[in-house]
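Colleague:
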Amino acid sequence: MNASKQGFSMQSTSVPTLADRRLTWAALALAVLSCLPVLVARYPQMSDYPAHLARYAVMLDGGRSADLARYYSFQWAWTGNLGVDILIRPFAAIFGLEGGGRVITGLIPVLTGAGLVAVDYALRRRVTLSSLLSMPFVWSPMMLIGLLNYALGQAGALWAFALWVEMDRRKTGTLTRALWFVPIGLLVWLGHISAWGVLGVLVLGYELAMRRHWIALLAPWPLLGPVVVMKLLPGTTSAFSYGAYWWIYKQAIWLKAMRDVYHGLDYTSLILVLFIFIVALLIRRVDARLGLAAGLLLVLTIAVPRHISGGDYADYRLITTGLMVCMLAVDWRLPAHMQKGALALAAGFELLRLMVTTVNWHQDSSRMEEMLVALDHIPQGARVASAVLVEREHWPLNHFEHIGAYAVVRRHALTNANFAVPHVHMLQMKQGGPNFDDPSQRLLLTHKQPVDLANFAPAHEADYLWYVGAREPDSLPAGAVVIWRGRESLVARLVRWNAAPPETAGN
335 MNASKQGFSM QSTSVPTLAD RRLTWAALAL AVLSCLPVLV ARYPQMSDYP AHLARYAVML
395 DGGRSADLAR YYSFQWAWTG NLGVDILIRP FAAIFGLEGG GRVITGLIPV LTGAGLVAVD
455 YALRRRVTLS SLLSMPFVWS PMMLIGLLNY ALGQAGALWA FALWVEMDRR KTGTLTRALW
515 FVPIGLLVWL GHISAWGVLG VLVLGYELAM RRHWIALLAP WPLLGPVVVM KLLPGTTSAF
575 SYGAYWWIYK QAIWLKAMRD VYHGLDYTSL ILVLFIFIVA LLIRRVDARL GLAAGLLLVL
635 TIAVPRHISG GDYADYRLIT TGLMVCMLAV DWRLPAHMQK GALALAAGFE LLRLMVTTVN
695 WHQDSSRMEE MLVALDHIPQ GARVASAVLV EREHWPLNHF EHIGAYAVVR RHALTNANFA
755 VPHVHMLQMK QGGPNFDDPS QRLLLTHKQP VDLANFAPAH EADYLWYVGA REPDSLPAGA
815 VVIWRGRESL VARLVRWNAA PPETAGN
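335 is the number of the first residue of the sequence shown in our numbering; add one for each residue after it.
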């Protein structure tokens with residue numbers, strides 16, 4: 335089948351011009367600048383980030399803390415979701431746990447942005463406007479939520495794909511390429527199983543476009559090593575689920591494909607991205623070597639379930655990655671007199687979104703710093719029921735959903751803000767019971783609903799209540815005594831359930 339007749343192009347490479355060099359420097363500068371949110375925020379403002387830090391803290395402690403050992407167990411398992419869990423040990427040894435987590439978080443967007451540039455260059459032997467068009471997806475909702483292992487794995491998948499293309503251009507032998515990509519496939523899978531899937535789709539789309547023969551379906555075989563691992567090692571597979579009302583959920587995640595701070599900007603950005611890709615298809619300026627993979631990824635967003643191997647948003651991840659690949663596939667070489675203007679618009683679009691994220695992170699990091707003063711009023715080894723108000727009407731992601739997990743990092747406390755689902759997560763809780771894990775800390779309410787904590791279930795298993803929210807609670811558990819109030823936060827001692835010693839209460 336002729337790809338060009340399907341709205342795709344297979345443009346030949348050419349010698350880079352002055353305009354190409356400008357684009358190269360602009361793209362590389364944007365890739366480096368993408369770490370700005372982390373540079374200005376002492377506390378990375380990702381919803382899930384504190385819960386990841388808590389897991390790393392228990393893992394690195396190794397049972398040395400009596401409090402952590404009393405409350406938590408940690409069972410290491412070789413699974414396709416270990417990217418930052420592996421890296422944090424050397425980084426924490428150099429920078430400390432919180433510093434190491436912050437450094438890794440800052441490196442991921444830079445590696446992703448540079449990976450986009452690497453793929454662009456590998457395919458076209460020059461950096462094009464598509465690098466800039468794809469750059470806004472470096473800070474996708476997946477990164478903003480804090481799905482760090484996936485984000486790191488995605489960066490690895492981009493670099494691996496660029497290497498695949500480069501080896502193909504140099505006519506590297508099949509055996510030599512396999513010797514490289516069997517371990518590379520395993521490394522990307524270790525980062526995250528979904529990122530490994532993305533790498534497979536990228537390679538498959540490229541090979542189909544280049545070979546235009548069914549034999550191309552067999553080309554990605556060196557990437558299949560993880561399939562053997564998942565069959566041989568226990569704990570590497572799990573059930574999947576589409577969740578309730580999946581058809582409504584699928585619409586919602588598409589509408590939130592570029593969700594960040596401002597609904598108007600994010601929704602307009604999504605419309606603009608889709609418009610650019612559709613126009614490029616109509617005028618046959620979509621590179622088939624990426625376009626086929628982009629189309630397949632977008633189809634998979636509907637077919638793939640929400641939950642795979644215990645992870646959430648398996649399909650949502652593919653939307654943000656699919657749209658990123660769509661923009662990278664646009665191969666639109668403009669006339670010389672239009673190139674400066676196009677460069678300015680594309681770079682301006684990315685800088686606008688990056689600045690919005692950066693300012694928001696700076697502001698919310700300052701707010702979080704004030705909220706964390708609460709930990710000065712919580713003793714070491716306490717049992718803490720975290721309650722965080724999340725209002726349904728708010729478009730921006732709530733950065734404080736897992737703030738309670740900082741009590742694990744700094745107070746070695748038992749909290750209900752951790753990812754500790756049995757048979758899914760490596761971190762497990764020894765105390766607290768079934769009402770004491772994520773998302774029990776989240777109070778998902780409309781602005782008209784009262785913040786009623788009188789019957790807040792986790793409080794029955796705790797010594798302290800740590801509430802965070804823009805509104806004061808309308809009620810507290812019986813016997814609760816407020817011992818500290820701050821802006822958007824309070825700590826209450828739970829007198830009613832504090833009779834039993836921490837090590838036995840709740841067992």
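Even glycine gets a Cβ: it sits at the ideal position worked out from N, Cα and C. All figures in this text were calculated on a predicted structure; none of them were measured in a lab.
(1) With distances taken between CB atoms, is the gap from Glu704 to Ser823 smaller than 9 angstroms?
(2) Return the bridge partner residues of Ala814 from the DSSP annotation.
(3) So Met661 and Val607 are in contact, right, with Cβ under 8 angstroms, and what is the actual spacing, rounded?
(4) Give the single residue among Ala411, Ala591, Gly598 whose Cα lies nearest to the Cα of Arg651.
(5) Do you know whose CA, among Leu631, Val758, Met702, Gly397, lies nearest Ala529's CA?
(6) For Val825, is the classification buried or exposed, using 16 other Cβ atoms within 10 angstroms of its Cβ as the cut-off for buried?
(7) Classify Gln585 as buried or exposed, calling it buried when 16 or more other Cβ atoms lie within 10 Å of its own Cβ.
(8) Quick one, which of Ile549, Gln762, Asn750, Asp649 has its alpha-carbon nearest Trp410's?
(9) Which one of Leu566, Leu538, Leu520, Val535 has the shortest CA to CA distance from Gly559?
(10) Measuring alpha carbon to alpha carbon, tell me which of Ala788, Val815, Gly803, Tyr801 ends up nearest Ser809.
(11) By Cβ distance below 7 angstroms, which residues in the same chain neighbour Thr749 in space, the five residues on each side in sequence not counted?
(12) Is the distance from the Cβ of Arg316 to the Cβ of Gly715 below 9 angstroms?
(13) Checking 9 angstroms against the spacing of the C-beta atoms, do Ile636 and Asp649 come in under that value?
(14) In the DSSP assignment, the beta strand (DSSP E) including Ala719 goes from what residue to what residue?
(15) Write down the C-beta distance between Pro475 and Arg593 rounded to the nearest angstrom, noting that I regard them as a contact closer than 8 angstroms.
(16) Along the chain, where does the alpha helix (DSSP H) containing Met592 start, and where does it finish?
(17) Per DSSP, what are the beta-bridge partners of His641 in this structure?
(18) Name, in chain order, the residues that DSSP records as bridge partners for Val802.
(19) So, for Arg511: in the same chain, excluding its five sequence neighbours on each side, which residues have a beta-carbon less than 6 angstroms away from its beta-carbon?
(20) Going by beta carbon distance, what residues of the same chain come within less than 7 angstroms of Leu668, once the five residues before and after it are set aside?
(21) What does the Cβ neighbour count give for Ser338, buried or exposed, with the cut at 16 atoms within 10 Å?
(22) Would Leu402 pass as a contact of His746 if the rule is Cβ separation under 9 angstroms?
(23) Can you check whether the CB of Ala489 is closer than 9 angstroms to the CB of Val453?
(24) On the criterion of 16 or more Cβ atoms from any shown chain inside 10 Å, does Val532 qualify as buried, or is it exposed?
(25) Counting only the same chain and skipping the five closest in sequence on each side, list residues whose C-beta sits under 7 angstroms from that of Gly447.
Modeller: Quick answer:
(1) In this structure, Glu704 lies near Ser823, with their beta-carbon atoms less than 9 angstroms apart.
(2) Leu828
(3) 6 angstroms
(4) Ala591
(5) Leu631
(6) buried
(7) Exposed, by the Cβ-count rule.
(8) Gln762
(9) Checking every option, the nearest Cα to that of Gly559 belongs to Leu520.
(10) Ala788
(11) Val718, Ser720, Gly738, Ala739, Ala741, Val742
(12) Here the chain comprises residues numbered 335 to 841, so residue 316 is not present and cannot be evaluated.
(13) yes
(14) 717-725
(15) 5 angstroms
(16) No alpha helix (DSSP H) holds Met592; DSSP gives it neither H nor E.
(17) Ser575
(18) Val722, Ser823
(19) Met501
(20) Ala676
(21) Low confidence applies here, because Ser338 scores a pLDDT of 42, under 50, leaving its location unreliable; read the following figure in that light. Per the 10 Å Cβ criterion, exposed.
(22) yes
(23) no
(24) buried
(25) Leu364, Ala365, Ser368, Met469, Val472
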